[in-house]
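2 protein chains.
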Amino acid sequence: MEKIEPIMFDRILLTIDADDPEANVKALSYAVTQAKEFGAALGICSVLEGDDINIYDSLTPKRLDEKRAALNEVINKYVDLAKDFGVQDVTPIASEGGDIDDQILDTIIPNFNPDLLVCGADKDGEHHFYSISVKLAKKAKVSVIVVR
Amino acid sequence: MEKIEPIMFDRILLTIDADDPEANVKALSYAVTQAKEFGAALGICSVLEGDDINIYDSLTPKRLDEKRAALNEVINKYVDLAKDFGVQDVTPIASEGGDIDDQILDTIIPNFNPDLLVCGADKDGEHHFYSISVKLAKKAKVSVIVVR
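Those protein sequence lines, which keep their order, are chains U and E. Going by the numbering used here, the first sequence opens with residue 1, and the numbers climb by one from there. Going by the numbering used here, the second sequence opens with residue 1, and the numbers climb by one from there.
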């Protein structure tokens, strides 16, 4: 009979939804517990969605800069919480454009190269018809946890 | 700023697909690592699907008993591996009837009361059009990890 080897994740990527702090804190709590326990690197990412940038914004660099600054502020808040918790290696990752899930799958994951993706759950479990976390759980080539 | 509390799971439920040993071993490896590290109870479940029982089987108690015995043998193999790994509290759970995901969601989860569900991934990530693991990640009221 085969022998079982432990699986510990080395690079954990946490996805943050700027509009859902409760889900973020739960997902963060799991991610930092794992990262601290197993000495993993932690990336914390969020995406400025294409739909969030209207034509007026895109023609007004100051407005776009404000939105980017707000996104970075949210990410950095969670980065600080992770460091306070005791995770040594924490990387903020801000990204923008297109669909959130495509941006995570096609840009952020290939760059950060995680072996585990940590997602929060939508508020009531089925907030969107087909939530981003479920899309990621389906499409990512790495392990995905949806934290509830 | 809020303070982050660690999240550790106390009751971990591993779902086994009798037809996909490679996915099972990966998911088991993650589940036992967590259960041993955090002292969690581990349930290992598999479902004899309604579709796997044809009319001939259902009219032939011996055939049905053979199928049940085969399912228990598979589950017990993983239970033994988990115990060999060092997990103290391991419970085999065999179930049957209807759809696998409904059986897990409506019967096994309410009985075992896990705070984490651990699922293997289909062989190529999208083996079925809409895999059981993804359905569970979407519908379960507890955290779900799809291990790849």
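Yeah, the Cβ is synthetic: ideal placement off N, Cα and C, and Gly gets one too. These figures come from a predicted structure and were not determined experimentally.
1. Could you spell out the range, first to last residue, of the beta strand (DSSP E) harbouring THR15 (chain U)?
2. Is it buried or exposed for TYR92 (chain U), if we count other Cβ within 10 angstroms and need 16 for buried?
3. For the beta strand (DSSP E) containing PRO6 (chain E), name the first residue and the last one.
4. Please list, in chain order, the chain U residues whose beta carbon lies closer than 8 Å to that of SER46 (chain E).
5. Can you list, in chain order, the residues of its chain with a C-beta nearer than 8 Å to that of VAL142 (chain E)? Leave out the 5 residues immediately preceding and following it.
6. For chain E, find out if any of its Cβ atoms is closer than 8 Å to the Cβ of ALA137 (chain U); answer yes or no.
7. Out of E:VAL79, E:ASP52, E:PRO6, E:LEU71, which one is the CA nearest neighbour of LEU13 (chain E)?
8. Verify the contact flag: LEU59 (chain U), CB atom, against every heavy atom of the ligand FAD, threshold strictly below 7 Å.
9. Note the first and the last residue of the continuous alpha helix (DSSP H) segment covering THR91 (chain U).
10. If we call anything under 8 Å between Cβ atoms a contact, is LEU105 (chain U) one with LYS139 (chain U)?
11. Please check if any C-beta of chain U sits within less than 8 Å of the C-beta of ARG166 (chain E).
12. Taking the alpha carbon of ASP19 (chain E) as the point to measure from, which residue in E:SER95, E:SER46, E:TYR30, E:ILE4 has its own alpha carbon closest?
13. Taking only the alpha-carbon atoms, compute the straight-line gap between ASP57 (chain E) and GLU96 (chain E) and give it to the nearest angstrom.
14. Flag this pair as touching only if the stretch 23–39 of chain E and the stretch 49–69 of chain E have three or more C-beta atom pairs under 8 Å; answer yes or no.
15. Roughly how many angstroms separate the alpha carbons of LEU42 (chain E) and ASP51 (chain U), rounded to a whole number?
16. Name the residue from U:LYS3, U:ASP84, U:GLU73 whose alpha carbon lies nearest to the alpha carbon of PRO6 (chain E).
17. Can you tell me which of the three DSSP states LEU59 (chain E) falls into?
18. If you measure from the beta carbon of PHE112 (chain U) to each beta carbon in chain E, is any gap under 8 Å?
19. Of all Cβ atoms in chain A, is any one closer than 8 Å to the Cβ of PRO6 (chain U)?
20. Counting contacts by CB-CB distance shorter than 8 Å, is LYS62 (chain E) in contact with chain U?
21. Identify the residues that DSSP records as bridge partners of SER29 (chain U): which are they?
22. To the nearest angstrom, how far is it from the Cα of VAL147 (chain E) to the Cα of ILE55 (chain U)?
23. Contact defined as beta carbons within less than 8 Å: I believe LEU71 (chain U) pairs with LEU48 (chain U). What is the distance between those atoms, to the nearest angstrom?
24. Of the choices U:PHE112, U:THR107, U:ILE53, U:VAL25, whose alpha-carbon is the least far from that of GLY120 (chain U)?
25. Can you give me the C-alpha to C-alpha distance between GLY125 (chain U) and THR15 (chain E), rounded to a whole angstrom?
26. Comparing the C-beta of LYS141 (chain U) with each C-beta of chain E, is any distance below 8 Å?
Quick answer:
1. Per DSSP, the unbroken beta strand (DSSP E) holding THR15 (chain U) starts and ends at 11–15.
2. Sequence inspection shows Pro at residue 92 (chain U); the Tyr mentioned does not correspond to that position. Buried, because 16 or more other Cβ atoms sit within 10 Å of the Cβ of PRO92 (chain U).
3. Where PRO6 (chain E) is concerned, there is no enclosing beta strand (DSSP E), because DSSP gives it neither an H nor an E.
4. Chain-order list of chain U residues neighbouring SER46 (chain E): empty, with the shortest C-beta distance near 17 Å, by a criterion of under 8 Å.
5. Sequence-distant Cβ neighbours of VAL142 (chain E) in its own chain, meaning closer than 8 Å and more than five residues away, are ILE109, PRO114, ASP115, LEU116, LEU117.
6. With 8 Å as the cut-off, ALA137 (chain U) counts as an interface residue toward chain E.
7. Comparing Cα positions, the closest option is E:VAL79.
8. Looking at this structure, you won't find the ligand FAD or any other ligand, since it has none at all.
9. Segment 90–96 is the beta strand (DSSP E) holding THR91 (chain U); no alpha helix (DSSP H) there.
10. In this structure, LEU105 (chain U) lies near LYS139 (chain U), with their beta-carbon atoms less than 8 Å apart.
11. This structure cannot settle anything about residue 166 (chain E), because the visible part of chain E is limited to 1 through 148.
12. It is E:SER46 whose Cα lies nearest to the Cα of ASP19 (chain E).
13. The alpha-carbon atoms of ASP57 (chain E) and GLU96 (chain E) are separated by roughly 14 Å.
14. Result no; under three Cβ-Cβ pairs closer than 8 Å.
15. If you take the alpha carbons of LEU42 (chain E) and ASP51 (chain U), they lie about 43 Å apart.
16. The shortest C-alpha separation from PRO6 (chain E) is found at U:ASP84.
17. Here LEU59 (chain E) sits in coil by DSSP.
18. Not one chain E Cβ lies under 8 Å of PHE112 (chain U).
19. Protein chains in the displayed structure are U and E, and chain A is not among them.
20. With respect to chain U, the C-beta atom of LYS62 (chain E) has no partner C-beta closer than 8 Å.
21. DSSP output for SER29 (chain U) lists no bridge partner at all.
22. When rounded, the separation of the alpha-carbon atoms in VAL147 (chain E) and ILE55 (chain U) is 41 Å.
23. Yes, they are in contact, since the Cβ atoms of LEU71 (chain U) and LEU48 (chain U) sit about 5 Å apart, within 8 Å.
24. Nearest of U:PHE112, U:THR107, U:ILE53, U:VAL25 to GLY120 (chain U), Cα basis: U:VAL25.
25. Because GLY125 (chain U) carries a pLDDT of 48, less than 50, the predicted location of this residue cannot be relied on, and the following value inherits that uncertainty. Taking the straight line joining both Cα atoms gives about 20 Å.
26. Chain E places a beta carbon closer than 8 Å to that of LYS141 (chain U), counting this residue as a contact.
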